[in-house]
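Trainee: Would you mind keeping the following structure in view while I ask a few things?
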Amino acid sequence: MENRKKVAFYTLGCKLNFSETSTIARNFNDEGFDRVDFEEVADIYVINTCSVTENADKQFKQVVKKAMKLNEKAFVAAVGCYAQLKPEELAAVDGVDLVLGATEKFKITDYIHDLSKNDMGEVHSCEIAEADFYVGSYSIGDRTRAFLKVQDGCDYKCTYCTIPLARGISRSDALENVLKNAKEISAQNIREIVLTGVNIGDYGKGEFGNKKHEHTFLDLVQALDKVDGIERLRISSIEPNLLKNETIDFVSKSRTFVPHFHIPLQSGSNDILKLMKRRYLREVYIDRVNKIREVMPHACIGVDVIVGFPGETDEHFLETYHFLNELDISYLHVFTYSERDNTEAVDMPGVVPSNVRAKRSKMLRGLSVKKRRAFYESQLGTNRTVLFESENKEGYIHGFTENYVKVKTPWNPELINTLHEINLTKIDEDGSVRMEFLNKLAEA
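Mapping to UniProt numbering: the sequence shown position 320 is 320, numbers consecutive.
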C-alpha cells in the first residue's frame with residue numbers, strides 16, 4: 001500500500017475559523033491524506049489565521065516555528081483572514097510555502113502540486129471583491145458540540161474592523177443546505193450545535209449569490225428548531241440591531257434553542273459608538289437586554305466590549321463601565337483596541353496610550369468576574385440540564401447548562417456527551433458550580 005501523506009492543522013481565532021478548518025480537513029481526507037495532531041510529524045501543516053488581534057500575528061510566527069521544529073522539510077500553508085489581508089507579510093515568514101486568501105482556501109488541495117519547500121511563500125489571494133460565493137462548513141471538534149457556519153462576510157463599515165476586507169461581502173448559506181448540514185451533524189451523536197458566521201443576524205442576504213433575500217434569521221431559527229435529533233442549538237454572537245423581538249420570543253418557547261445570547265456592545269458611550277460607526281445606540285442595547293430578561297429571566301447574556309478606541313476619554317470609559325455595571329448581563333469579553341491597517345480608526349485623533357488601554361481592560365475584566373459570579377449565584381438552587389464534555393480535569397468532568405453555567409462533578413467517563421437534569425448547589429473555589437443529579441440513575 002502506498003505511503004499516505006500526513007496533514008496537520010492549527011486554527012487561530014474564532015469559531016467560524018474552526019468550522020472552516022474542519023471543512024478544509026475533510027477535503028484533504030477526500031484527497032487521500034491522513035489527518036494527524038499538530039504536535040505530530042506531518043508532511044503538510046496548514047495554519048488558519050486570524051486578523052482580529054495583534055497577538056494573532058505573533059502567534060502565527062510561533063506556530064510556523066513549531067511546525068518547522070517537528071519537520072523542517074514539511075510544507076507549510078497559511079490560509080484565512082490574515083492571509084487575505086497581508087499575504088506578502090506571511091509569505092515572507094521563514095518556512096511558509098503557500099499563502100491562500102479568502103476564496104482559495106477551500107481549494108487548497110489544488111495548489112499543493114508537489115510538496116517541495118519554496119524559497120519564498122507562493123501567494124494566491126483574490127481581490128476581496130471576488131469573495132462573493134458561499135462555502136458552507138461545520139466543525140466537529142469535540143464530541144459534544146459542533147460549530148455550524150450559516151453566513152460569511154459583512155457589509156458593515158465599523159471603523160476599527162478589517163473583517164469585511166478579509167472576508168468580503170455578507171452572504172449566506174442556502175436554508176436547505178444549513179438544514180442538511182445540521183442533519184449530518186446530529187446523525188453523528190453530537191448534542192449541541194452552535195450557529196456561527198461573521199454577522200449571523202444578517203442571515204438570508206446573498207443566499208442565491210446575489211442580494212436577493214428569501215429567508216431571514218428568524219426563518220433560519222424556526223427551521224432549525226424542527227430538525228430531528230438535535231438536542232441543543234446555541235446562537236453564537238448577534239448584533240443588537242439584528243436581534244429582533246420575534247427571535248427572542250421564539251427562543252424563549254423553542255424546543256432546542258438555549259437561553260444564551262452573546263451580543264456585541266463595543267462601547268457604552270454613544271459618542272464612541274458613533275465614532276465606531278456601529279448601527280445602534282446604547283438605548284437599543286438596553287432594550288435588547290430588557291426584552292430577553294422579560295421572557296427569559298434565567299438567560300445568560302454575554303457582551304463584547306472594546307477599550308481604548310481613539311477618542312475614548314476617561315469620561316467615555318467610565319460611562320461604559322457604569323453602563324455595564326448597572327446592566328443585567330452575565331459576563332464580558334473584553335478586547336483592547338489595536339490599530340489595524342486600512343481601517344478608518346487608524347487615522348483618528350485621540351490615540352489612547354497603551355498603558356491606559358491595559359488599565360481599562362483590567363477594570364472591565366474585573367467587572368466581568370463580578371458579573372459572572374452574580375449570575376452564577378442567581379442560579380443556585382435552580383434545576384437545569386447539563387451537557388457534559390469529554391475532558392478529565394484534575395479528577396473532575398465539566399459541562400455547561402443550557403444557560404451557560406459551568407458545572408463540575410467528580411470524573412465519570414460514562415457522563416461524557418450526555419445530558420442530565422441537575423440542581424445547582426454551590427459555587428466552588430475555582431468559580432465553577434457544584435451540582436446534584438436529579439435523576440438517581442446518573443449516580444448509580
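Built from N, CA and C at the ideal position, the CB exists for glycine as well.
1) Between N383, S390, S432, which has its C-alpha nearest N439's C-alpha?
2) Report the rounded CA-to-CA distance for V433 versus T425, giving the unit in angstroms.
3) Checking the sheet assignment: what are the DSSP bridge partners for V76?
4) Which runs of the alpha helix (DSSP H) spanning at least 4 residues fall entirely within the stretch 213-301, listed in chain order?
5) Nearest by alpha-carbon distance to N325: which of K291, S267, I193, P353 is it?
6) Report yes if the CB atom of R255 is closer than 7 Å to the CB atom of D225, and no otherwise.
7) For a test of the three-state rule: what should DSSP assign to K205, helix, strand or coil?
8) What are the start and end residues of the alpha helix (DSSP H) that includes L175?
9) Our contact map puts V194 next to S137 with C-beta atoms below 8 Å; I'd like the distance itself, whole angstroms only.
10) Along the chain, where does the alpha helix (DSSP H) containing Y396 start, and where does it finish?
11) Report all residues from its chain with a CB closer than 6 Å to the CB of G395; omit the five preceding and five following residues, and keep chain order.
12) Using the Cβ count rule (16 or more neighbours within 10 Å means buried), how would you classify S354?
13) Have a look at R372 and L327 and give me their C-alpha separation to the nearest angstrom.
14) Are the CB atoms of F437 and I416 within a distance shorter than 7 Å?
15) Check whether the Cβ atoms of M348 and P297 lie closer than 7 Å to each other.
16) Specify the secondary structure class of A444 as computed by DSSP and reduced to three states.
17) Which residue's Cα is closest to the Cα of P6: V352, V307, P87, D43?
18) In terms of residues, what are the limits of the alpha helix (DSSP H) holding F28?
19) Please classify V305 as buried or exposed, where buried requires at least 16 neighbouring CB atoms within 10 angstroms.
20) Based on Cα-Cα distance, which residue from K291, S269, M276 lies nearest to R282?
21) Let me make sure I understand the geometry here. Which of N29, E31, V76 has the alpha-carbon closest to that of residue 490?
22) What do you get for V251, buried or exposed, if any count of 16 or more other CB atoms within 10 angstroms of its CB means buried?
23) Would you mind giving the Cβ-Cβ distance between K157 and V227, rounded to the nearest angstrom? I have them listed as a contact below 8 Å.
24) Can you tell me where the beta strand (DSSP E) with R35 in it begins and where it stops?
25) Going by CA-CA distance only, name the one from P240, R232, R293, V352 that's closest to R278.
26) My guess is that residue 446 and L242 are in contact by the Cβ rule of under 8 Å, so how many angstroms apart are they, rounded?
27) With H, G and I counted as helix, E and B as strand and the rest as coil, what does DSSP make of Y376?
28) For N436, list the residues DSSP reports as bridge partners.
29) Any idea which residues DSSP pairs T11 with across the strands?
30) Mind the definition here: the stretch 82-101 touches the stretch 48-63 only if three or more C-beta pairs lie below 8 Å; say whether that holds.
31) I need the DSSP call for D155, collapsed to helix, strand or coil.
32) What residues in its chain sit with their C-beta under 6 Å from that of D34, if we drop five residues either side in the sequence?
33) Is R357 near G399, with beta carbons less than 7 Å apart?
34) Quick one: what does DSSP say N412 is sitting in, helix, strand or coil?
Mentor: Straight from the coordinates:
1) Locating residue 439 in the sequence shown gives position 439, where the first residue counts as 1. That would be N383, whose Cα lies nearest to the Cα of N439.
2) As a first step, residue 433 is located in the sequence shown; it is residue number 433 there, counting from the start. As a first step, residue 425 is located in the sequence shown; it is residue number 425 there, counting from the start. Their Cα atoms are separated by approximately 7 Å.
3) As a working note, residue 76 is residue 76 in the sequence shown. BP columns for V76 point to Y45.
4) Complete alpha helix (DSSP H) runs here, min 4: 217-224, 245-253, 270-276, 282-295.
5) Here residue 325 is taken as the residue at index 325 of the sequence shown, counted from 1. The candidate whose alpha carbon is nearest that of N325 is S267.
6) In the sequence shown, residue 255 corresponds to position 255, counting from 1. In the sequence shown, residue 225 corresponds to position 225, counting from 1. Cβ atoms of R255 and D225: closer than 7 Å.
7) Position 205 of the sequence shown, counted from the first residue, corresponds to residue 205. In this structure, K205 counts as coil in the three-state DSSP scheme.
8) The count along the sequence shown starts at 1 and reaches residue 175 at position 175. Under the DSSP assignment, L175 falls in the alpha helix (DSSP H) whose first and last residues are 175-186.
9) Locating residue 194 in the sequence shown gives position 194, where the first residue counts as 1. Locating residue 137 in the sequence shown gives position 137, where the first residue counts as 1. Rounded, the Cβ-Cβ distance is 13 Å, inconsistent with contact.
10) Your numbering for residue 396 matches position 396 in the sequence shown. Counting along the chain, Y396 falls outside any alpha helix (DSSP H), though it belongs to the beta strand (DSSP E) covering 396-401.
11) Position 395 of the sequence shown, counted from the start, is the residue given in the question as residue 395. The residues are W411.
12) Numbered from 1 along the sequence shown, position 354 holds the residue referred to as residue 354. Flag for S354 reads exposed.
13) Counting from 1 along the sequence shown, the entry for residue 372 is found at position 372. Counting from 1 along the sequence shown, the entry for residue 327 is found at position 327. For R372 and L327, the gap between their C-alpha atoms comes out near 13 Å.
14) Along the sequence shown, read from residue 1 onward, the residue named residue 416 stands at position 416. Along the sequence shown, read from residue 1 onward, the residue named residue 437 stands at position 437. Judged by beta-carbon spacing, F437 lies beyond the 7 Å limit of I416, meaning their Cβ atoms are not closer than that value.
15) Locating residue 348 in the sequence shown gives position 348, counting from the first residue. Locating residue 297 in the sequence shown gives position 297, counting from the first residue. Cβ atoms of M348 and P297: not closer than 7 Å.
16) Indexing the sequence shown from 1 puts residue 444 at position 444. Because A444 sits at a pLDDT of 41, beneath the cut-off of 50, its placement in the model cannot be relied upon, and the point is left open.
17) Working through the sequence shown from its first residue, we reach residue 6 at position 6. Here the sequence assigns Lys to residue 6, which means Pro is not the residue at that position. Closest in alpha carbon position to K6, among V352, V307, P87, D43, is D43.
18) The residue you call residue 28 lines up with position 28 of the sequence shown. Looking at the DSSP string, the run of the alpha helix (DSSP H) that includes F28 is 15-30.
19) Taking the first residue of the sequence shown as position 1, residue 305 is located at position 305. V305 should be labelled buried.
20) What you label residue 282 is simply residue 282 of the sequence shown in a count that begins at 1. Ranking the options by Cα distance to R282, first place goes to S269.
21) Because the chain spans 1 through 444 in this model, residue 490 falls outside it and cannot be assessed.
22) The residue you call residue 251 lines up with position 251 of the sequence shown. Per the 10 Å Cβ criterion, buried.
23) Mapped onto the sequence shown, residue 157 falls at position 157. Mapped onto the sequence shown, residue 227 falls at position 227. The pair is not a contact, with the Cβ atoms about 35 Å apart (cut-off 8 Å).
24) Stepping through the sequence shown from its first residue, residue 35 is reached at position 35. Start and end: 34-36.
25) Against the sequence shown, residue 278 aligns to sequence position 278. For R278, the nearest C-alpha among the options comes from P240.
26) Residue coverage of the chain in this structure runs from 1 to 444, which leaves residue 446 outside it and unanswerable.
27) Here the question's residue 376 lines up with position 376 in the sequence shown. Residue state, collapsed to three classes: helix.
28) Start at 1 with the first residue of the sequence shown, and residue 436 comes out as number 436. Per the sequence shown, residue 436 should be read as Glu rather than Asn. Bridge partners of E436: N423.
29) Position 11 of the sequence shown holds residue 11. Note: T11 is bridge-paired with N48 in the DSSP secondary-structure output.
30) In short, these stretches touch, since the Cβ pair count reaches three.
31) Locating residue 155 in the sequence shown gives position 155, where the first residue counts as 1. D155: coil per DSSP, three-state reduction.
32) Here residue 34 is taken as the residue at index 34 of the sequence shown, counted from 1. Excluding positions up to five away in sequence, the list reads R4, K6.
33) Walking along the sequence shown from the start, residue 357 turns up at place 357. Walking along the sequence shown from the start, residue 399 turns up at place 399. R357 is not a Cβ neighbour of G399, given a cutoff of 7 Å.
34) The sequence position of residue 412 within the sequence shown is 412, counting from 1. Shown here, N412 sits in coil according to DSSP, grouped into three states, outside any helix or strand.
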